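Peer 1: Here the working numbering is used: the first residue of the sequence shown is 120, the next is one more, and so on.
Following this message is one structure expressed as structure tokens.
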Amino acid sequence: MNGIAKLEEKIDRMINLINELKQRISELEEENRQLKEKEEEVKRKVDGLIEKIDTMTL
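Here's what the structure looks like:
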């Protein structure tokens, strides 16, 4: 294998790795979005429970 062919192979591998990383980043961003939504949902539920407890103790 000559030098140019080796470089082309390395470039192809780098492009593949970059594409895999982009895909993984996209997946992690989606997971992060879902976790933030879940966090907000839990906060709303906790706030609701706190309000109920406050009304019961007053």
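By construction, the Cβ of each residue, glycine as well, lies at the ideal position given by its N, Cα and C atoms.
Computed from a predicted model, the values in this text were never measured in an experiment.
For Glu-150 and Met-120, I'd like the C-alpha separation in whole angstroms.
Peer 2: Between Glu-150 and Met-120, the C-alpha separation is close to 43 Å.
Peer 1: Can you tell me which of the three DSSP states Met-175 falls into?
Peer 2: Helix.
Peer 1: Ignore the nearest five residues each way along the sequence and tell me which others in Glu-158's own chain have a CB closer than 8 Å to its CB.
Peer 2: Taken in chain order, the list of residues that qualify is empty.
Peer 1: Determine the direct distance from the alpha carbon of Lys-141 to that of Ile-134, and round the result to whole angstroms.
Peer 2: Cα to Cα, Ile-134 sits roughly 10 Å from Lys-141.
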